[in-house]
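**Student:** This is the structure, below, for whatever I ask next.
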Amino acid sequence: MMKSPGLKIYTIAYLVFLYAPIALLPIFAFNDSRVIAFPLAGFTTNWFVEMWNDQQLWIAFKNSMTIAVSSALFATLFGIFAARASTRYNFPGKPGIIGLIMLPLVLPEMIVSMALLVILIGIGVPLSIFTIILGHVLICTPYAVAILSSAFSSLDRSLEEAAYDLGETRASTFRLIILPLVMPGIISSLLISFTISLDEFIIAYFLGGNQTVLSVYIFGQFRFPQKVPAIMALGFVLVCISILLLTIAEYFRRRGIAKTGGKDTGGFL
Amino acid sequence: MTTTQRPTMIEFRDVHKYYGDYHALRGINATIRAGEFFSLLGPSGCGKTTLLRTIAGFEDISSGAVLIDSKHMQGVPANKRPTNMVFQSYAIFPHLTVEENVGFGLRRDPRSAAEKAMAVGEALEMVGLKGYGKRAAHALSGGQRQRVALARALILKPKVLLLDEPLSALDKKMREQMQVELIKLQRQVGITFILVTHDQEEALVMSDRIAVMFEGQIAQLADPETLYRRPNSRKVADFIGTMNFLPAQVLSENGTVEVEAAGLGRFALSADQVMGGSTGEGATVGFRPETATILFEGQTATDRESMATIEEVVYYGDMTYYDVRFDGVAAPMRLSMRNVFGRPVLDIGTRARVGWSPGALVLFR
Amino acid sequence: MDNGSSRGRFRDSEAAQGYLLISPTAVYAILMLAAPLLAVFVYSLMIDSRAGASAGFTFGNYVEVWSGRIYQAIMLRSLWVSMLVTLITVLLAYPVAYFVSFHVKPERKALWLFLITIPFWTSYLIRVFLWKVILGYNGVINSGLMSLGIIDEPLTVINYSIGSMVATLAHAYAPFAILPIFVSLEKIDRSLLEAGQDLGESKLLTFWRVTLPLSMAGVIAAVLIVFIPTIGDYVTPELIGGGKIPMIANMIEVKMLKQNDKAVGAAIAVSAMLIVTAVSLVFLLLNKRFLKGQK
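So the sequence lines, in the order shown, correspond to chains A, B and C. The C-terminal residue of the first sequence carries number 273 in this note's numbering, and the numbering is unbroken. The C-terminal residue of the second sequence carries number 1349 in this note's numbering, and the numbering is unbroken. The C-terminal residue of the third sequence carries number 307 in this note's numbering, and the numbering is unbroken.
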């Protein structure tokens, strides 16, 4: 492997730049000052306590959890159907249908939100947690499809035929052979969709009616300067959760590859 | 030696298959006997794998009939047929152990767990993998995976075992070893084996009978010796082993056939040496490299003799290959001669007498 | 003789099975995406969105949007900002992708990519807020520089400006740009580069004449992946711009929600999509040209 110290320094500097803002979170979440500025004033855990005691926050948190879990489940379910259909079958119009399903990836969220809003209001559906779930499932499904398509396409087609040849039915083949082998992909899809939903703001803001979720709650708190350190504390916790979920997802991805003896091509997408 | 007395196991009656407009199988008619080692041989795209899969039930036929043990297979799905298949990629379930793989087909078997475990043990022993039961399937070598695939298929005691190019993924040494083992296994188990391969050496070594296929049709179905000595067309002759061709002309026919060939002169052939299946440039006569010899000083020809010039010499250790040009023929013919201790290898440019016999020739017209 | 009936086959009519399997997801996408987008388009043609279809249809909303000075200014600003962001992000991202592809051992590549993409998976809202905190009047940069004695007065240029918006957006979308470039660099046959070196080319020349052109597909993908969401971004202009530097998304919100003028709002949305599609097509055509040149 060639060494290029210049490029390495550049890349590390780049990574520092990438992580810099997030690194502020632990610094100022424990900083004993209501103002986010240098010089640092002492260590405190007050902000975490303040965050913990905030009832509004807990309501928003509960809503976020409900939405994230539901969105992850449905997006993954939809993803399984679409990925299996896409990798295993050919049918006329396939590229167009897949294109439509993946479209949310390239549409600005604002447009997706407004479009949904227009229809929902037009039909007369009240905005609530349910409508947020509808929107989140829409934007998480493309990620689920991408992850699961990769998982399904790495399945050797002969495996299904072999199971069939040995006397199983199509349903039992799916249960005994296909499902276990794509399980790492399913777990990844659930975790990624969960994370996306948890962090998502625009759809939650515009389609939530007067229900708050975490991201909307945080947005609302920006107005109040004295709330900022508590937001730092909350942000720190959220980032830690996201990183944890991601590491778990990556672990399962690698374990899946090891279990089936495949090759690691280096990432989800 | 012959299997002609054995009952029929598989029958193809005018089988056609279309993929859309593509005519993949064009009227296959053949019978495969119980207990024989049968090969489907041909180049890529000839339809041999498609034909195999119609036996297994993974492909449907567009018209005609496939019968296994005298029963029509129309409408019978793959998981209900008395066949089992060893796939080209072996298709070993990577998330299961070896014994879980081998015992997979026994899931719906009513026997007790203990009996099943014993059956799995016997199957593993039969393929030489005794003690490998608890190994993870994805950690096996190619040769080991193949044995697991064999055990997994044979444990169900199918009437027919189908093998789709099972040896193509192995290296040469492993391949030769497995060829012998497969023959032994087939004799031991006694069921019909149907092998698909593009390697003609493999087919010749292992099979009781071979169906040579080109472009969706069976060109010739015979035992290896007949295929080798009496190929029924130039295409088959070309595909199996090497053959030399000389332009020839039929002079007369009554009982025997009088032929004149460039470089060889005139001779008579019996009717079974005359085939159709020329490739359009007129009649040719063919002979295998080992059926003609260079006569050294003092040697007399056992039958006929012609003059030639040595063009190229390829020394191979146990054999020497001589490219010779017969007088009056432009293209060189390849002769192969076993090296005999003490006998010199000849030089390029030497004039030589070549001994040959009309009985070893085949005429294509 | 029998013809193949469709009962009991291993492969039933493949198309029917495929349709059946994909139908839940496809139907959802049609109901939740295709239909709403269609509705937006229909709204954009309405004369009075409050009265609905009964008031009639017109292209007048588009005329208003494309000729109105305020709308033009905002659209141009959005285009300008997103192009600037795209340029900076892709330029800065390329060396990183190059480093991971060519100078990192294969078994470590996944780890580097993982580290690079982690920030992407954390809350965008929080990251934008952090930039606000960093760039603010009493923010981290200013207070830090002041406490170090480098400046006496806080810098004002770094907050509430286009520059700060660009910096925030470039940071947010950085990992988006690295991945496609990395993928296309990985696909380059290393022996091509070695052959060039073997024939005496300098490293720089090899890069310019071989590596760069072959990675263009990835660069163009990166451009699109950054440009499209950036031009439609809402949070950064709202928070970093202080509400005084709106972009297209903010304008849509104002029109659709605050002023309840769904028709014009929809026209803006459709126009934005048209601009995005047009730019994307230009880049996709460029992509084709590059691919053709590689044959």
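No residue lacks a Cβ here, since even glycine has one placed at the ideal position from N, Cα and C. Predicted model, so just to flag it, every value in this text is computed and none were measured.
Which residues in the same chain have their Cβ closer than 7 Å to the Cβ of Ile133 of chain A, if we skip the five residues on either side of it in sequence?
**Tutor:** Cβ within range, chain order: Asn67, Thr70, Ile71, Gln215.
**Student:** Could you check if Asn1216 of chain B is buried or exposed, using at least 16 other CB atoms within 10 Å of its CB as the buried criterion?
**Tutor:** Result: buried.
**Student:** Taking the alpha helix (DSSP H) that Trp133 of chain C belongs to, which residues open and close that run?
**Tutor:** Where Trp133 of chain C is concerned, the enclosing alpha helix (DSSP H) stretches over 118-133.
**Student:** Name the two residues that bound the continuous beta strand (DSSP E) containing Asn1085 of chain B.
**Tutor:** Premise fails: Asn1085 of chain B lies in the alpha helix (DSSP H), 1082-1086, not in any beta strand (DSSP E).
**Student:** Taking buried to mean at least 16 other C-beta atoms within 10 Å of its own C-beta, is Glu1161 of chain B buried or exposed?
**Tutor:** Strictly speaking, residue 1161 of chain B in this sequence is Gln, with Glu absent from that position. Flag for Gln1161 of chain B reads exposed.
**Student:** On a Cα-Cα basis, can you pick out the residue from B:Ser1320, B:Asp1302, B:Tyr1300 that is closest to Val1308 of chain B?
**Tutor:** Of B:Ser1320, B:Asp1302, B:Tyr1300, the residue nearest in Cα terms is B:Ser1320.
**Student:** Kindly indicate which three-state DSSP category Asp1053 of chain B falls into: helix, strand or coil?
**Tutor:** DSSP places Asp1053 of chain B in coil when its eight states are reduced to three.
**Student:** Enumerate in chain order the residues of its own chain whose CB-to-CB distance from Ile191 of chain A is below 6 Å, with the five nearest sequence positions on each side excluded.
**Tutor:** Cβ neighbours of Ile191 of chain A beyond the five flanking positions: Phe256.
**Student:** Using beta carbons (cut-off 7 Å, strictly below), is Ser157 of chain A in contact with chain B?
**Tutor:** Output row for Ser157 of chain A: interface = no.
**Student:** Can Asn1063 of chain B be considered in contact with the ligand GDP, in the sense that its beta carbon sits closer than 6 Å to one or more heavy atoms?
**Tutor:** Looking for the ligand GDP in the displayed structure turns up nothing, as the structure carries no ligands at all.
**Student:** Between the alpha carbons of Ile34 of chain C and Arg1214 of chain B, how many angstroms are there, rounded?
**Tutor:** Going by the C-alpha atoms only, they are around 55 Å apart.
**Student:** Phe111 of chain C by DSSP, collapsed to three states: which one?
**Tutor:** Helix, per DSSP.
**Student:** Compute the Euclidean distance between the alpha carbons of Gln989 of chain B and Asp1331 of chain B, then round it to the nearest angstrom.
**Tutor:** Going from the Cα of Gln989 of chain B to the Cα of Asp1331 of chain B covers about 52 Å.
**Student:** From which residue to which residue does the beta strand (DSSP E) around Ser1046 of chain B run?
**Tutor:** Where Ser1046 of chain B is concerned, there is no enclosing beta strand (DSSP E), given that its DSSP letter is neither H nor E.
**Student:** For Asn94 of chain A, return the contacting residues in chain C, with the cut-off set at a CB-CB distance below 8 Å.
**Tutor:** Near Asn94 of chain A (Cβ distances below 8 Å), the residues of chain C are Glu26, Ala27, Gly30.
**Student:** When we look at the beta-carbon of Leu1146 of chain B and count the other beta-carbons within 10 Å, is it buried (16 or more) or exposed?
**Tutor:** By the neighbour-count rule (16 or more Cβ atoms within 10 Å), Leu1146 of chain B is buried.
**Student:** My assumption, with CB atoms under 8 Å, is that Arg1218 of chain B sits in contact with Phe1310 of chain B. Please give the rounded CB distance.
**Tutor:** Not confirmed; about 19 Å, so no contact.
**Student:** Return the CA-CA distance between Lys307 of chain C and Arg221 of chain C, expressed in angstroms with no decimal places.
**Tutor:** Confidence at Lys307 of chain C is low in this model, with a pLDDT of 43, below 50, so its placement is unreliable and the value that follows should be read with caution. Each residue's alpha carbon lies about 15 Å from the other.
**Student:** Under DSSP, the alpha helix (DSSP H) around Asn1013 of chain B begins and ends at which residues?
**Tutor:** Asn1013 of chain B -> not in any alpha helix (DSSP H); beta strand (DSSP E) instead, spanning 1006-1017.
**Student:** Identify each residue in the region 1187-1217 of chain B for which the Cβ-Cβ distance to at least one residue of chain A is less than 8 Å, and report them in chain order.
**Tutor:** Result list empty, no residue passes.
**Student:** By the three-class DSSP mapping on this structure, what secondary structure does Pro1150 of chain B have?
**Tutor:** Three-state result, Pro1150 of chain B: coil.
**Student:** Going by Cα to Cα distance, which pick from B:Ile1012, B:Asp998, B:Asp1044 is closest to Gln1204 of chain B?
**Tutor:** For the residues B:Ile1012, B:Asp998, B:Asp1044, the minimum Cα distance to Gln1204 of chain B belongs to B:Ile1012.
**Student:** Label Leu1151 of chain B either buried or exposed according to how many other C-beta atoms from any shown protein chain fall within 10 Å of its C-beta, with 16 as the threshold for buried.
**Tutor:** Label assigned to Leu1151 of chain B: buried.
**Student:** Note down the Cα distance separating Ile252 of chain C from His115 of chain C, rounded to an integer number of angstroms.
**Tutor:** For Ile252 of chain C and His115 of chain C, the distance between alpha carbons rounds to 37 Å.
**Student:** I'd like to know whether the C-beta atoms of Leu81 of chain A and Ile136 of chain A end up nearer to each other than 7 Å.
**Tutor:** No, the pair does not count as a contact, with Cβ atoms beyond the cut-off.
**Student:** Where does Ala1276 of chain B sit, in a helix, a strand or coil, going by DSSP?
**Tutor:** Looking at Ala1276 of chain B - three-state DSSP - the assignment turns out to be coil, as it is neither helix nor strand.
**Student:** Just checking, does the region 187-198 of chain C make contact with the region 221-238 of chain C on the three C-beta pairs under 8 Å criterion?
**Tutor:** Touching, yes.
**Student:** My assumption, with CB atoms under 8 Å, is that Gly100 of chain A sits in contact with Leu152 of chain A. Please give the rounded CB distance.
**Tutor:** Wrong, their Cβ atoms sit about 20 Å apart, outside the cutoff.
**Student:** Mind checking Glu265 of chain C: buried by the 16 CB within 10 Å criterion, or exposed?
**Tutor:** When all chains shown are included, Glu265 of chain C counts as buried.
**Student:** According to DSSP, is Lys1001 of chain B part of a helix, a strand, or is it coil?
**Tutor:** Strand, per DSSP.
**Student:** How is Glu1265 of chain B classed by DSSP in three states: helix, strand or coil?
**Tutor:** DSSP places Glu1265 of chain B in coil when its eight states are reduced to three.
**Student:** Kindly indicate if chain A contains any beta-carbon less than 7 Å away from that of Asn150 of chain C.
**Tutor:** Yes - at least one Cβ of chain A is within 7 Å of the one on Asn150 of chain C.
**Student:** Taking just the CA atoms, how far does Thr223 of chain C sit from Arg1335 of chain B?
**Tutor:** Going by the C-alpha atoms only, they are around 60 Å apart.
**Student:** Could you please tell me which residues of the region 1140-1155 of chain B, in chain order, have their CB closer than 8 Å to any CB of chain A?
**Tutor:** Correct list: Leu1140.
**Student:** What did DSSP end up calling Ala1292 of chain B once you bin it into helix, strand or coil?
**Tutor:** The answer is strand: DSSP assigns Ala1292 of chain B an E or B state.
**Student:** By DSSP's criteria, Glu995 of chain B is part of a beta bridge. Which residues make up the other side?
**Tutor:** Paired residues: B:Thr1015, B:Leu1051.
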